[in-house]
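Peer 1:
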Amino acid sequence: MLFITKKVYYCVLIHNNMSDFEKRKLEIELRNFTNRNFERPSDCRNLDQIRFYVSELCSKIEEYEKRFNYVPAWAYSLLAQYNLVQNSMLHTEFRNAYA
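The sequence shown maps to residues 0 to 98 in numbering that gives the first Met the number 0.
Following this line, the structure appears as structure tokens:
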């Protein structure tokens, strides 16, 4: 007596597509976090403060990438603004130290 067993494997892909509502909710959450905890880049007065904000924002962006696979575009824009101010301060500090 011979028994033939047929095994079928179904591959199911789970797509993690976010709705516009979910994206908007994440944007609002991140915006509230930055408004509550960060100063505007133009209001920062020293390099340590800028470095702190850059590191915190980078970690928040990384967290959003890992958890939600989505980061609002304005978060990268804000990071660029902090980097611009940081580079300007570094240039001024360098010029004053070696001039």
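Glycine residues also receive a C-beta, built at the ideal position from the N, C-alpha and C atoms. Bear in mind that the values here come from a model prediction, so they are computed numbers and not experimental data.
How far does the alpha helix (DSSP H) with residue 96 in it extend, from its first residue to its last?
Peer 2: Taking the sequence shown and counting its residues from 1, the one referred to as residue 96 is at position 97. That run of the alpha helix (DSSP H) goes 72–97.
Peer 1: If you measure between the beta carbons of residue 52 and residue 37, is that distance less than 7 Å?
Peer 2: Here residue 52 refers to the residue found at position 53 when the sequence shown is read from its first residue. Here residue 37 refers to the residue found at position 38 when the sequence shown is read from its first residue. Their beta carbons are under 7 Å apart, which means residue 52 touches residue 37 by this criterion.
Peer 1: Where residue 48 and residue 40 are concerned, what is the direct C-alpha to C-alpha distance, given to the nearest angstrom?
Peer 2: In the sequence shown, residue 48 corresponds to position 49, counting from 1. In the sequence shown, residue 40 corresponds to position 41, counting from 1. Answer to the nearest angstrom: the Cα atoms are 10 Å apart.
Peer 1: Check whether the segment 20–27 and the segment 61–76 touch, using three or more Cβ-Cβ pairs below 8 Å as the test.
Peer 2: Counting Cβ pairs under 8 Å, three or more are found: they touch.
Peer 1: Can you tell me whether residue 20 is buried or exposed, with buried defined as 16 or more other CB within 10 angstroms of its CB?
Peer 2: Here residue 20 corresponds to residue number 21 of the sequence shown, with the count starting at 1. The residue in question, residue 20, is exposed, as its Cβ has fewer than 16 Cβ neighbours within 10 Å.
Peer 1: Whole angstroms is fine: what's the gap from residue 60's alpha carbon to residue 50's?
Peer 2: Here residue 60 is taken as the residue at index 61 of the sequence shown, counted from 1. Here residue 50 is taken as the residue at index 51 of the sequence shown, counted from 1. Their backbone Cα atoms lie some 15 Å apart in a straight line.
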